[in-house]
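K.L.:
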Amino acid sequence: MMRFNFKVICGLASACIVISSAARSQQATAPKPFDLIEWNDGKFIYGADYYPEAWPESQWEKDAAMMREAGINVVRMGEFAWVKMEPQEGHFDFAWLDRAIELLSAHGIRTVLGTPTASPPAWLYAKYPGIAAMDATGVRYRFGSRRNYCIHSPDFFSATTRIVTAMAEHFKSNAAVIGWQIDNELGNPKCYDPASQAAFQAWCQRKYRSLDALNSAWGTVFWGHTFESWAEIPLPWNTPFATSNPSLALDFDRFWSDSTHAYLDLQAALLRRIAPGQAITHNEMGTFPDVDYSDLNRSIDFVAWDNYPTFQKDYAQYAGVGLAHDLMRGSKSNQNFMIMEQQAGDGGWSVFFGRQAPASLYRVWAYQSVAHGADGICYFRWRTSRFGTEQYWEGILDQDSYRNSRYAMVSQVGKELQQLTPLLRESTVASPAALLVSPDSRWAQQIQPGVEDFDYDRQLHDYYDALRRAGVSVDVVFPTSSLSAYRLVIAPVLLVSDRALVDKLHAFVGSGGTLVLTFRSGVKDEHNVVTDQTLPGAFADLAGVAIHEFDPQVNEEQEVVGPGESRFPARTWSDILSPRTARVLATFGKGYYADKPAITENQWRKGWVYYVGTESKSPLFYDRLISLAANRSRIALNAHIPAGVELAVRQKGGTKIVFVLNYTGTDQTAPLDEAYQNALTGRPEPMDVPVPAYDVKVLTGQ
Ligand code: GAL
Numbered sequence: 018m019m020r021f022n023f024k025v026i027c028g029l030a031s032a033c034i035v036i037s038s039a040a041r042s043q044q045a046t047a048p049k050p051f052d053l054i055e056w057n058d059g060k061f062i063y064g065a066d067y068y069p070e071a072w073p074e075s076q077w078e079k080d081a082a083m084m085r086e087a088g089i090n091v092v093r094m095g096e097f098a099w100v101k102m103e104p105q106e107g108h109f110d111f112a113w114l115d116r117a118i119e120l121l122s123a124h125g126i127r128t129v130l131g132t133p134t135a136s137p138p139a140w141l142y143a144k145y146p147g148i149a150a151m152d153a154t155g156v157r158y159r160f161g162s163r164r165n166y167c168i169h170s171p172d173f174f175s176a177t178t179r180i181v182t183a184m185a186e187h188f189k190s191n192a193a194v195i196g197w198q199i200d201n202e203l204g205n206p207k208c209y210d211p212a213s214q215a216a217f218q219a220w221c222q223r224k225y226r227s228l229d230a231l232n233s234a235w236g237t238v239f240w241g242h243t244f245e246s247w248a249e250i251p252l253p254w255n256t257p258f259a260t261s262n263p264s265l266a267l268d269f270d271r272f273w274s275d276s277t278h279a280y281l282d283l284q285a286a287l288l289r290r291i292a293p294g295q296a297i298t299h300n301e302m303g304t305f306p307d308v309d310y311s312d313l314n315r316s317i318d319f320v321a322w323d324n325y326p327t328f329q330k331d332y333a334q335y336a337g338v339g340l341a342h343d344l345m346r347g348s349k350s351n352q353n354f355m356i357m358e359q360q361a362g363d364g365g366w367s368v369f370f371g372r373q374a375p376a377s378l379y380r381v382w383a384y385q386s387v388a389h390g391a392d393g394i395c396y397f398r399w400r401t402s403r404f405g406t407e408q409y410w411e412g413i414l415d416q417d418s419y420r421n422s423r424y425a426m427v428s429q430v431g432k433e434l435q436q437l438t439p440l441l442r443e444s445t446v447a448s449p450a451a452l453l454v455s456p457d458s459r460w461a462q463q464i465q466p467g468v469e470d471f472d473y474d475r476q477l478h479d480y481y482d483a484l485r486r487a488g489v490s491v492d493v494v495f496p497t498s499s500l501s502a503y504r505l506v507i508a509p510v511l512l513v514s515d516r517a518l519v520d521k522l523h524a525f526v527g528s529g530g531t532l533v534l535t536f537r538s539g540v541k542d543e544h545n546v547v548t549d550q551t552l553p554g555a556f557a558d559l560a561g562v563a564i565h566e567f568d569p570q571v572n573e574e575q576e577v578v579g580p581g582e583s584r585f586p587a588r589t590w591s592d593i594l595s596p597r598t599a600r601v602l603a604t605f606g607k608g609y610y611a612d613k614p615a616i617t618e619n620q621w622r623k624g625w626v627y628y629v630g631t632e633s634k635s636p637l638f639y640d641r642l643i644s645l646a647a648n649r650s651r652i653a654l655n656a657h658i659p660a661g662v663e664l665a666v667r668q669k670g671g672t673k674i675v676f677v678l679n680y681t682g683t684d685q686t687a688p689l690d691e692a693y694q695n696a697l698t699g700r701p702e703p704m705d706v707p708v709p710a711y712d713v714k715v716l717t718g719q
């Protein structure tokens with residue numbers, strides 16, 4: 018495990034932030050890979066999220082036996098049980114958890130313990146009301162729900178330190194406890210209280226060192242917002258006309274992500290010091306935008322995330338979840354990961370969120386996780402709660418513990434995964450293409466969308482989904498990632514970029530890479546300040562175009578002609594391109610700039626750059642673009658995969674493990690590049706591999 022050094026930085030008022038110096042200085046260093054299967058004694062981690070505190074102790078034995086029967090070997094427990102562990106300030110009771118861990122362990126089931134800070138006890142709020150987060154209008158949340166604490170509250174730091182220290186001391190030598198999940202889904206709500214403001218001011222002071230530098234970087238000359246003292250710096254809170262300086266707002270988003278990291282570091286440092294033999298993770302949220310996971314994940318041993326596919330409107334649209342998996346994997350150098358909460362049934366709080374899906378589709382979703390690099394899966398949750406907000410959130414079992422179809426599914430997958438483990442062990446996802454996610458551009462786009470309907474994540478999906486439809490494996494990279502493994506990089510909407518990213522993309526193309534850039538690229542510097550160069554700014558030479566005019570598509574009335582003869586509807590934005598060295602691939606179809614270039618291709622040194630000046634609703638438009646870019650970068654496509662069927666590959670040396678996943682309710686046939694052997698039955702499969710409705714084939718070959 019990596020070791021970290023920590024220093025405490027105190028703000029102008031009372032708030033303190035703990036910064037991991039190792040996390041900061043290891044920017045460019047790949048973390049040491051953490052082998053999850055190794056960590057679980059050669060077994061694929063297969064588990065459930067279990068809440069023994071909510072069930073009579075007399076039921077635990079039966080639960081453990083049923084878990085073992087289903088192949089479960091790990092549970093996660095404890096993440097909301099703070100009041101049960103510390104019923105009064107400084108008085109701890111872990112006896113009930115000791116008994117649960119021991120009983121499960123007797124059935125061969127090990128424990129990941131959640132630190133319970135996501136749900137502080139009522140007594141803590143009563144005694145320290147300032148621990149509650151404050152919303153942007155200045156109102157503090159009160160006790161109720163969860164995650165309503167402020168990550169800058171010194172009292173909450175103390176309370177966190179006390180409970181995490183006590184837990185770590187108590188469980189550090191318990192061999193059945195193999196690791197820790199810190200808190201639960203860190204990242205919100207944002208807090209706008211005085212402690213947070215002081216912490217932000219201190220963050221700004223560290224970053225800019227002088228007020229002159231800050232005033233100049235943020236352009237505070239506008240509307241006369243120049244700051245004469247650090248203490249005057251506001252948060253992007255409620256203001257008339259709901260507007261704050263975009264440069265301040267972007268720095269606040271970075272600060273928020275850093276603060277979330279610092280809060281995680283506070284706990285990680287305690288756990289590492291007291292319980293160095295136990296691994297550390299955090300359950301993350303896929304494409305959740307408020308945290309830069311590529312930064313946060315330097316402080317944990319492996320990535321875990323919570324996967325709820327029924328949030329997708331159309332269950333056959335597998336790429337929504339696929340991108341989240343790939344982003345999570347990419348946020349820690351493509352290292353295999355774990356699903357801490359894999360959906361086991363329909364979800365709902367006051368109402369059910371999704372539509373019911375057959376148990377067989379939950380099996381396909383579990384395999385999708387494995388196909389994208391999961392070496393561990395815990396289902397949320399073992400049994401549906403009888404109490405509280407989540408009475409409608411189905412676990413594996415319903416409240417009556419009946420052996421339902423979901424339990425049968427979990428048991429089947431449990432057996433299959435253990436059979437597949439020798440094959441899966443040490444296999445990884447390796448992709449020829451990468452999608453660049455820029456947290457800065459994503460935040461800046463949210464701060465000022467430019468066009469109401471402009472959605473950064475939709476642009477990610479436009480390209481990601483097209484690659485996956487063509488059977489191409491995709492890695493997600495971040496601005497600090499290395500690009501050397503890729504032939505094709507797609508970098509949608511690079512609204513904000515710094516010199517390092519600009520240089521990295523030049524080096525990538527210069528050495529022969531193919532780069533796809535889209536509208537609104539090169540518009541702003543790292544301070545969210547608009548460039549004074551002709552657009553696309555720092556990317557103009559790469560793209561070989563100039564942009565002197567653009568058209569925000571408020572009415573969505575534009576169309577694009579090409580690539581090829583076809584006409585596609587265009588939306589969101591039109592960059593009207595003036596080619597310098599680039600060749601025109603498509604033009605706009607309507608209005609005063611009909612026939613003007615919309616898409617270009619440019620050779621720059623050894624590589625190629627596509628500039629796509631608009632967005633389309635048409636998937637075919639993206640299929641065409643992907644096919645052009647893939648051709649240039651010599652990436653083979655499979656154009657015949659049926660809709661609703663996903664092809665995903667893990668590799669181990671020369672061996673390929675091919676997952677063919679059918680998310681539809683009809684039987685399908687997927688044409689593959691060669692004939693493979695079925696990894697579960699050992700029998701050969703035809704090249705046109707049949708996959709029944711809501712089913713999966715796991716294949717292997719060279
Ligand atoms: C997750 C959370 C779980 C549970 C689940 C279903 O986001 O981590 O604790 O609440 O959603 O609502």
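The sequence shown begins at 18 in our numbering and counts up by one. For every residue, glycine included, the Cβ atom is placed at its ideal position computed from N, Cα and C.
1. Just checking G405 against the ligand GAL - is the residue's beta carbon closer than 7 angstroms to any of the ligand's heavy atoms?
2. Between W382 and the ligand GAL, is there a pair consisting of the residue's CB and a ligand heavy atom that are separated by less than 7 angstroms?
3. Measuring only the C-alpha atoms, how far is P456 from D309?
4. Hey, N201 and A266: beta-carbon distance below 8 angstroms or not?
5. Excluding the five sequence neighbours on either side, which residues of its own chain have a C-beta within less than 6 angstroms of the C-beta of A587, listed in chain order?
6. On the premise that T686 lies in contact with V666, defined as a C-beta separation below 8 angstroms, what is that separation, rounded to the nearest angstrom?
7. Going by the C-beta, is N201 closer than 7 angstroms to any heavy atom of the ligand GAL?
8. So W410 packs on Y67, CB below 8 angstroms; how close in whole Å?
9. Does DSSP classify C221 as helix, strand or coil?
10. Just to confirm, are P206 and A150 a CB contact at a threshold of 8 angstroms?
11. With D229 as the anchor, note down where its alpha helix (DSSP H) starts and where it stops.
12. Are there 16 or more other CB atoms within 10 angstroms of the CB of R127, so buried, or fewer, so exposed?
13. Whole angstroms is fine: what's the gap from A451's alpha carbon to L484's?
14. Please name the residue in A215, N545, A557 and A153 whose C-alpha comes closest to that of C208.
15. To the nearest angstrom, how far is it from the Cα of D307 to the Cα of T243?
16. Could you check if F269 belongs to the surroundings of the ligand GAL, using beta carbon to heavy atom distance under 7 angstroms?
17. Excluding the 5 residues preceding and the 5 following K714 in the sequence, name in chain order all residues of the same chain whose CB lies nearer than 7 angstroms to its CB.
18. Taking only runs of the alpha helix (DSSP H) that begin and end inside the region 366-417, which ones reach a length of at least 4 residues, in chain order?
19. Using 8 angstroms as the Cβ pair cut-off and three pairs as the minimum, do the region 64-78 and the region 87-96 touch?
20. Cβ of D307 within 7 angstroms of any heavy atom in the ligand GAL?
21. Can you look up P553 in the DSSP assignment and give me helix, strand or coil?
22. Which runs of the beta strand (DSSP E), 3 residues or longer, sit entirely within the region 498-552?
23. Using the three-state DSSP reduction, which class does L716 fall into: helix, strand or coil?
24. Which two residues bound the contiguous alpha helix (DSSP H) that contains F638?
25. Answer with buried or exposed for H565, where buried requires no fewer than 16 other C-beta atoms within 10 angstroms of its C-beta.
26. For P596, name the three-state secondary structure that DSSP assigns.
27. Rounded to the nearest angstrom, what separates E74 and A193 at their Cα positions?
28. For N353, write down the residues that DSSP places opposite it in a beta bridge.
29. How far does the beta strand (DSSP E) with Q460 in it reach, from first residue to last?
30. DSSP state of I118, grouped into three classes?
31. Going along the chain, which unbroken runs of the beta strand (DSSP E) with 3 or more residues stay wholly within the region 280-348?
32. Under a three-way DSSP split, which group does L141 fall into?
33. Between W77 and Q416, what straight-line distance do the alpha-carbon atoms span, to the nearest angstrom?
34. Cβ of W99 within 7 angstroms of any heavy atom in the ligand GAL?
35. Could you tell me if the beta carbon of E411 falls within a distance shorter than 7 angstroms of some heavy atom in the ligand GAL?
36. Just the Cα atoms here: how many angstroms apart are P133 and K144?
P.N.:
Let's see:
1. no
2. W382 Cβ: outside cutoff for every heavy atom of the ligand GAL.
3. 6 angstroms
4. no
5. Q575, E576, V577, T631 and S633
6. Going by Cβ atoms, the distance from V666 to T686 rounds to 18 angstroms, so no, they are not a contact pair.
7. yes
8. Incorrect: roughly 15 angstroms between the Cβ atoms, too far for contact.
9. The DSSP-derived three-state label of C221 is helix.
10. Yes, Cβ-Cβ distance for P206 and A150 is below 8 angstroms.
11. Element bounds for D229: L228 to W235.
12. buried
13. If I take the Cα positions, the gap works out to 10 angstroms.
14. A153
15. 27 angstroms
16. no
17. Taking C-beta separations shorter than 7 angstroms and ignoring five residues to either side along the sequence, the partners of K714 in its chain run V677, N695, E702, V706 and V708, following chain order.
18. If one requires a minimum length of 4 residues, the alpha helix (DSSP H) runs lying completely within the region 366-417 are 376-388, in chain order.
19. yes
20. no
21. coil
22. Along the region 498-552, the beta strand (DSSP E) occurs as fully enclosed runs of 3 or more residues at 505-508 and 531-535, listed in sequence order.
23. strand
24. Bounds of the alpha helix (DSSP H) holding F638 are P636 to R649.
25. Per the 10 Å Cβ criterion, exposed.
26. In this structure, P596 counts as strand in the three-state DSSP scheme.
27. 19 angstroms
28. According to DSSP, which records beta bridges pairwise, N353 is partnered with nothing at all.
29. In the sequence as displayed, the identity of residue 460 is Trp instead of Gln. Element bounds for W460: not the beta strand (DSSP E) but the alpha helix (DSSP H), P456 to I464.
30. helix
31. 296-298 and 321-324
32. Residue state, collapsed to three classes: helix.
33. Their Cα atoms are separated by approximately 14 angstroms.
34. W99 Cβ: outside cutoff for every heavy atom of the ligand GAL.
35. no
36. 18 angstroms
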